[in-house]
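Written out below as structure tokens is the structure these notes cover.
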Amino acid sequence: MTAHPDFLWADPEPKRGYEVVVIGAGGHGLATAYYLARNHGISDVAVLERGWLAGGNMARNTTIIRSNYLWDASAAIYEHSLKLWEGLSDELDYDILFSQRGVLNLAHSLPDVRESVRRVNANRLNGIDAEWLTPAEVKKLVPIINTSPELRYPVLGATFQPRAGIAKHDHVAWAYARAANRLGVHLIQNCEVTGFRREGSRVTGVETSRGTIEAGRVALCAAGHTSVLAQELGFRLPLASHPLQALVSELLEQVLDTVVMSNAIHVYVSQAHKGELVMGAGIDAYNGYGQRGSFHVIESQLAAAVELFPIFARAHVLRTWAGIVDVSPDASPVLGLTPVENVFVNCGWGTGGFKATPGAGWVYADTIAHARPHPLAAPFTLDRFTTGALVDEHGAAAVAH
1 MTAHPDFLWA DPEPKRGYEV VVIGAGGHGL ATAYYLARNH GISDVAVLER GWLAGGNMAR
61 NTTIIRSNYL WDASAAIYEH SLKLWEGLSD ELDYDILFSQ RGVLNLAHSL PDVRESVRRV
121 NANRLNGIDA EWLTPAEVKK LVPIINTSPE LRYPVLGATF QPRAGIAKHD HVAWAYARAA
181 NRLGVHLIQN CEVTGFRREG SRVTGVETSR GTIEAGRVAL CAAGHTSVLA QELGFRLPLA
241 SHPLQALVSE LLEQVLDTVV MSNAIHVYVS QAHKGELVMG AGIDAYNGYG QRGSFHVIES
301 QLAAAVELFP IFARAHVLRT WAGIVDVSPD ASPVLGLTPV ENVFVNCGWG TGGFKATPGA
361 GWVYADTIAH ARPHPLAAPF TLDRFTTGAL VDEHGAAAVA H
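For the sequence shown, the residue numbers in UniProt numbering are 1 to 401.
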């Protein structure tokens with residue numbers, strides 16, 4: 001069984017070897033393969049996926065896209081990604097349903113307000129669109145939101161990024177897959193990596209459930225499972241993998257034309273193109289690789305959502321699920337070289353992986369092609385955990401997604 005239109009790309013048997021083997025056919029893996037071929041002329045690339053293409057986190061995220069991060073390094077790579085999003089449908093010749101409907105980050109306390117205003121100022125200094133809205137302005141933009149001062153966590157204002165929004169995650173994956181396939185990239189599904197072949201300090205091949213594949217370079221791009229692959233290669237990544245739960249409602253009339261996020265009550269919501277409400281929660285407190293929803297998280301999430309949006313009380317939940325987020329100690333990605341000579345790593349995006357898809361693929365492809373970090377990736381190399389030059393987005397990102 002597959003969950004996508006296979007006719008958009010070929011389903012080849014693996015060759016004996018490839019110049020580059022990308023492990024993980026999610027958004028980042030597919031984008032990396034596409035930009036390797038498009039930007040650097042490296043089309044002898046295989047993208048290996050243990051299940052079906054884009055069936056992991058790419059199929060499980062809540063599709064939010066924004067670039068309003070606090071620190072310069074984070075803002076730069078996410079803004080680069082947002083600019084790529086803005087032209088992606090035209091470039092890939094496939095409608096990804098990118099909707100720049102804006103993203104609101106609510107503030108519920110005076111510390112929230114101070115931090116949010118600080119982030120707006122930092123965004124503006126970095127050339128990123130950002131506004132501070134009063135409660136009255138929030139209510140005008142989102143009429144269904146409850147701005148009563150009697151709320152458990154009253155709305156004291158919000159940051160707003162007008163260029164932010166959502167895109168259809170499946171269409172993004174299919175668009176990159178089709179474009180990469182047209183450039184000669186092999187997309188190999190149902191091909192689980194079970195080990196590596198090494199000669200000295202280099203990896204010479206990848207052991208898979210479909211046989212051994214020789215590799216000139218290996219690019220790890222498997223989100224929460226990247227740390228498992230790294231252990232096979234003899235080095236450790238400072239990642240903690242957690243489930244992150246989300247849900248969708250039944251189809252409804254259009255009632256919400258922007259994205260609303262609240263870190264204090266751990267809920268973020270948008271309304272998809274077909275009409276379903278898409279809601280996410282904060283990450284689960286425990287480590288794990290589970291991909292199912294759990295009642296206590298969903299109950300807390302819905303209670304917060306109904307308090308903020310009383311109109312949602314009559315909506316019915318259609319389904320719940322979880323994705324796996326790989327969180328680094330500073331909540332920023334790990335992107336660049338590894339202790340193994342010809343192995344590269346792209347992981348640690350936590351809750352920000354989908355929004356970074358084009359930008360991460362662009363800079364990762366450049367890093368692989370030139371065997372050195374792209375300037376936008378330089379602050380996110382693995383050695384920052386040794387030097388202490390962290391990019392601490394744990395509190396600075398202002399919201400869980």
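Glycine residues also receive a C-beta, built at the ideal position from the N, C-alpha and C atoms.
So, are the CB atoms of Gln245 and Gly205 less than 8 Å apart?
-> Taking the first residue of the sequence shown as 1, we reach residue 245 at position 245. Taking the first residue of the sequence shown as 1, we reach residue 205 at position 205. No.
Cβ-Cβ separation, Val345 to Ile213 (assumed contact under 8 Å), whole Å | Taking the first residue of the sequence shown as position 1, residue 213 is located at position 213. Taking the first residue of the sequence shown as position 1, residue 345 is located at position 345. Not quite, the Cβ-Cβ distance comes to about 19 Å (not below 8 Å), so this is no contact.
Three-state secondary structure assigned by DSSP to Tyr34 | As a first step, residue 34 is located in the sequence shown; it is residue number 34 there, counting from the start. Here Tyr34 sits in helix by DSSP.
Specify the secondary structure class of Gly157 as computed by DSSP and reduced to three states.
-> As a working note, residue 157 is residue 157 in the sequence shown. Looking at Gly157 - three-state DSSP - the assignment turns out to be strand.
Report the rounded CA-to-CA distance for Ala180 versus Pro375, giving the unit in angstroms.
-> Translated into the one-based positions of the sequence shown, residue 180 becomes position 180. Translated into the one-based positions of the sequence shown, residue 375 becomes position 375. Straight-line measurement puts the Cα of Pro375 at about 24 Å from the Cα of Ala180.
Tell me whether the beta-carbon of Ile144 lies closer than 8 Å to the beta-carbon of Ile311.
-> Here residue 144 corresponds to residue number 144 of the sequence shown, with the count starting at 1. Here residue 311 corresponds to residue number 311 of the sequence shown, with the count starting at 1. Using a Cβ distance threshold of 8 Å, Ile144 and Ile311 count as a contacting pair.
How is the alpha helix (DSSP H) around Gln245 delimited, first residue to last?
-> As a working note, residue 245 is residue 245 in the sequence shown. No alpha helix (DSSP H) contains Gln245, which is instead part of the beta strand (DSSP E) from 240–251.
Residue 418 vs Pro373 beta-carbon contact at 8 Å = This structure cannot speak to residue 418, because the chain is shown only from 1 to 401.
Tell me whether the beta-carbon of Cys191 lies closer than 8 Å to the beta-carbon of Thr32.
-> Counting from one through the sequence shown, the residue named residue 191 turns up at place 191. Counting from one through the sequence shown, the residue named residue 32 turns up at place 32. For Cys191 and Thr32, no; Cβs fall outside 8 Å.
Between the stretch 245–259 and the stretch 293–302, do three or more beta carbon pairs fall short of 8 Å?
-> With the rule of 3 Cβ pairs closer than 8 Å, the stretch 245–259 counts as touching the stretch 293–302.
Is Tyr78 helix, strand or coil by DSSP?
-> What you label residue 78 is simply residue 78 of the sequence shown in a count that begins at 1. Tyr78 sits in a helix when the DSSP states are folded into three classes.
Quick one: complete beta strand (DSSP E) runs, 3+ long, within the stretch 263–315?
-> Entirely contained in the stretch 263–315, the beta strand (DSSP E) runs reaching 3 residues are, in chain order, 267–271, 276–283.
Give the secondary structure of Val203 by DSSP, where H, G and I count as helix, E and B as strand, and everything else as coil.
-> Taking the sequence shown and counting its residues from 1, one reaches residue 203 at position 203. In the three-state DSSP reduction, Val203 falls in the strand class (E or B).
Three-state secondary structure (DSSP) of Val363 = As a first step, residue 363 is located in the sequence shown; it is residue number 363 there, counting from the start. It is helical.
Look at Gln161 and Arg66 and say whether their C-beta atoms are less than 8 Å apart.
-> For the purposes of this step, residue 161 is taken as residue 161 along the sequence shown, with counting starting at 1. For the purposes of this step, residue 66 is taken as residue 66 along the sequence shown, with counting starting at 1. Contact annotation: Gln161 and Arg66 have beta-carbon atoms nearer than 8 Å.
Assumed close pair Thr367, Gly336 - CB separation to whole angstroms, cut-off 8 Å | Locating residue 367 in the sequence shown gives position 367, where the first residue counts as 1. Locating residue 336 in the sequence shown gives position 336, where the first residue counts as 1. The C-beta separation of Thr367 from Gly336 comes to about 6 Å, placing the pair in contact by the 8 Å criterion.
Near Gln254, which residues of its chain fall below 8 Å by C-beta distance, leaving aside the five closest residues on each side in sequence?
-> Translated into the one-based positions of the sequence shown, residue 254 becomes position 254. Hits under 8 Å: Gln271, Gly275.
Taking the DSSP output, what are the residues bridged to Phe344?
-> In the sequence shown, residue 344 corresponds to position 344, counting from 1. Its beta-bridge partners are Ala219, Leu337.
Span of the beta strand (DSSP E), counted from its first residue to its last, around Arg319 | If you number the sequence shown from 1, residue 319 lands on position 319. Segment 317–327, the beta strand (DSSP E) holding Arg319.
Confirm, please, whether the CB-CB distance from Ile77 to Gly359 is below 8 Å.
-> Residue numbering aside, residue 359 sits at position 359 when the sequence shown is read from its first letter. Residue numbering aside, residue 77 sits at position 77 when the sequence shown is read from its first letter. Yes, the Cβ-Cβ distance between Gly359 and Ile77 is below 8 Å.
So, is Tyr289 buried or exposed, given that buried needs 16 or more other C-beta atoms within 10 angstroms?
-> Residue numbering aside, residue 289 sits at position 289 when the sequence shown is read from its first letter. Counting the other Cβ atoms within 10 Å of the Cβ of Tyr289 gives fewer than 16, which makes it exposed.
Sorted by chain position, which residues of the same chain lie with C-beta nearer than 6 Å to Thr377's C-beta, five sequence neighbours on each side aside?
-> Stepping through the sequence shown from its first residue, residue 377 is reached at position 377. Here the sequence assigns Ala to residue 377, which means Thr is not the residue at that position. Closer than 6 Å at Cβ, skipping near neighbours: Leu335, Gly336, Val363, Thr367.
What do you get for Ala219, buried or exposed, if any count of 16 or more other CB atoms within 10 angstroms of its CB means buried?
-> Here residue 219 is taken as the residue at index 219 of the sequence shown, counted from 1. Counting every other CB atom within 10 Å of its CB across the protein chains shown gives Ala219 a total of 16 or more, marking it as buried.
Apart from the five residues just before and just after Tyr94, which ones in its own chain have a Cβ nearer than 8 Å to its Cβ?
-> Within the sequence shown, the letter at position 94 stands for residue 94. The beta carbon of Tyr94 sits closer than 8 Å to those of His171, Trp174, Ala175, Arg178, Ala179, all from its chain and outside the five residues before and after it, given in chain order.
Cβ-heavy atom distance, Arg101 to the ligand GTP, below 7 Å = Of the ligands one can find in the structure shown there are none, so the ligand GTP has no counterpart to examine.
DSSP beta-bridge partners of Met261 = In the sequence shown, the residue the question calls residue 261 occupies position 261. Listed as beta-bridge partners of Met261 by DSSP are Asn105, Tyr268.
Glu13 to Lys168, Cα distance in whole Å?
-> Stepping through the sequence shown from its first residue, residue 13 is reached at position 13. Stepping through the sequence shown from its first residue, residue 168 is reached at position 168. Distance from the CA atom of Glu13 to the CA atom of Lys168, rounded to whole angstroms, is 29 Å.
Exposed or buried, what is Glu79 when buried is set at 16 or more other beta-carbons lying within 10 Å of its beta-carbon?
-> As a working note, residue 79 is residue 79 in the sequence shown. That one is buried.
Residues bridged to Glu214 (per DSSP) = For this step, residue 214 is matched to residue 214 along the sequence shown. Per the DSSP secondary-structure output, Glu214 pairs in a beta bridge with Gly17, Gly205.
For Thr194, which residues of its own chain have a beta-carbon under 7 Å away from its beta-carbon, when the five flanking residues on both sides are left out?
-> Position 194 of the sequence shown, counted from the start, is the residue given in the question as residue 194. Excluding positions up to five away in sequence, the list reads Glu207, Thr208, Ser209.
Endpoints, the beta strand (DSSP E) within which Glu192 is located | The sequence position of residue 192 within the sequence shown is 192, counting from 1. Run containing Glu192: none; DSSP gives neither H nor E here.
8 Å Cβ shell around Val142 - same chain, five flanking residues per side excluded = Position 142 of the sequence shown, counted from the first residue, corresponds to residue 142. Take Val142, set aside five residues on each side of it, and the residues of its chain with a beta-carbon closer than 8 Å to its own are Leu104, Leu256, Thr258, Val260, in chain order.
Taking the alpha helix (DSSP H) that Val120 falls in, what are its first and last residues?
-> Position 120 of the sequence shown, counted from the start, is the residue given in the question as residue 120. Annotation: the continuous alpha helix (DSSP H) that includes Val120 extends over 110–125.
Per DSSP, the bridge partner or partners of Glu131 = Locating residue 131 in the sequence shown gives position 131, where the first residue counts as 1. Looking at the DSSP assignment, Glu131 forms a beta bridge with Phe160.
Is the beta carbon of Val365 less than 8 Å from the beta carbon of His40?
-> Position 365 of the sequence shown, counted from the first residue, corresponds to residue 365. Position 40 of the sequence shown, counted from the first residue, corresponds to residue 40. Reading off the sequence, residue 365 comes out as Ala, not Val. Against a cut-off of 8 Å, the Cβ pair of His40 and Ala365 comes out as a contact.
Which of the three DSSP states, helix, strand or coil, is assigned to Ile368?
-> Residue mapping note: residue 368 aligns to position 368 of the sequence shown, counting from 1. In the structure shown, Ile368 sits in a helix (DSSP, three-state: H, G or I).
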